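If you're matching positions, the sequence shown starts at 665 in our numbering and goes up one per residue.
Heads up, the beta-carbon is just placed ideally off N, CA and C, and yes, glycines get one too.
Small disclaimer: the values here were computed from a predicted structure and weren't measured.
Report on the structure given below.
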Amino acid sequence: MQRKIRLGVINYLNVKPLLYGIQHSPVINDIEIIETFPAKLAQMLVMDEVDAGIVPVAIIPHLKEHHIVSDYCIGCDGPVATVCLFSEVPVNRIQKVLLDYQSRTSVMLAKILLKRYWNIEPEFEDAKGEEYRHRITGTTAGLVIGDRAFEQRRQSTYIYDLGEAWKDYTGLGFVFAAWIANKALPPGFVADFNAANALGLENIEQIVRDSAFNLFDLHQYYKYNINYVMDERKKAGLEEFLFQLKQMVLPEDINV
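Listed below in structure tokens is the structure:
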């Protein structure tokens, strides 16, 4: 019997529509789902502990072989809402930035934008452990991603959306995570998987109704903040990000 494909997913609200489609399609019978956070999933893909996953795109240079599996991603073409720099002071007064440990793609995007878009070079500190947001005070800012960013939006005076800043800086869309495999997958599976993702996006209204969430308008988030289709603008944005990533990478940034 053919082994099931080990598929890594991240436990964020923005993945719900894609996961809904997979779970409600026949392709689920060919998949073993493994759930974790983005940076851990990226490591698992490198170590061949999963065959594919919705992983941060900063992992691509670290893979011996990579295949983008579908026409769908976690991206944006403007404000994304859940990848933001939060601060009590304007960006030009920020002296230190606490970096969210959950995704190196967002960390590297923040470093690129701070240096090349906002023209500042603050001190960076990798936030250890689950909670660090109480340290976002004075001239210390924090990069917060995922569902926790919804909570932080209600607490911080200044919110700098990295999706919006990237579009203003480059004129392009951005891909935070994509379905990436570390090996070629069967063409039939890829076609079925693509159809499953499409099914999820056709059921956004049902997903919103099923989600008990009051920190943000999920209809707006799924329809206008997150862009799920890997279109040409996002492909160009991904290429530009990987180019700038190669120029920016520092020894401390090697671990994805």
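**Residues bridged to GLY806 (per DSSP)** = PHE750 and LEU762
**Request:** To the nearest angstrom, report how far apart ALA842 and ILE732 are at their CA atoms.
**Result:** 7 Å
**Asked** Bridge partners of LEU682, per DSSP?
**Response** Paired residue(s): none; LEU682 is not in a bridge.
**Request:** Would you list the one or two residues that DSSP bridges to ASP790?
**Result:** LEU763
**Asked** Would a C-beta distance cut-off of 8 Å place GLY806 and TYR822 closer than the cut-off?
**Response** no
**Asked** Rounded to the nearest angstrom, how far is the Cβ of VAL808 from that of CYS748, given a contact under 8 Å?
**Response** 6 Å
**Request:** Note the first and the last residue of the continuous alpha helix (DSSP H) segment covering GLU696.
**Result:** Looking at the DSSP string, GLU696 is not in any alpha helix (DSSP H); the run it does join, the beta strand (DSSP E), is 695-700.
**Request:** Quick one: using the 10 Å Cβ neighbour count with 16 as the cut-off for buried, is HIS730 buried or exposed?
**Result:** buried
**Request:** May I have the straight-line CA-CA distance separating ALA798 from PHE814, to the nearest angstrom?
**Result:** Checking the sequence, you will find His at residue 798 rather than Ala. Cα to Cα, the separation comes out at about 15 Å.
**Message:** Measuring straight from C-alpha to C-alpha, what distance separates ASN878 and GLU869?
**Reply:** 16 Å
**Item:** Segments assigned beta strand (DSSP E), at least 3 residues, entirely inside the region 846-910
**Value:** 891-893
**Asked** Helix, strand or coil: which one does DSSP assign to THR821?
**Response** coil
**Message:** If I follow the unbroken alpha helix (DSSP H) through ASP832, where does it start and stop?
**Reply:** 826-834
**Item:** Distance, GLY864 Cα to PRO681 Cα
**Value:** 5 Å
**Request:** Give me the Cβ distance between ASN889 and GLY685, rounded to the nearest whole Å; I'm assuming they're in contact under 8 Å.
**Result:** Between GLY685 and ASN889 the Cβ distance is about 19 Å, and since that is not below 8 Å, they are no contact.
**Asked** What does ARG670 pair with, by DSSP beta-bridge criteria?
**Response** GLU696
**Request:** State the Cα-Cα distance for the pair LEU826 and PRO743, rounded to the nearest angstrom.
**Result:** 7 Å
**Message:** Just to confirm my understanding: we take ALA620, look at its own chain, exclude 5 residues before and 5 after, and list those with CB closer than 6 Å. What are they?
**Reply:** Beyond the ends of the chain as shown, which are 665 and 920, falls residue 620; an answer cannot be given.
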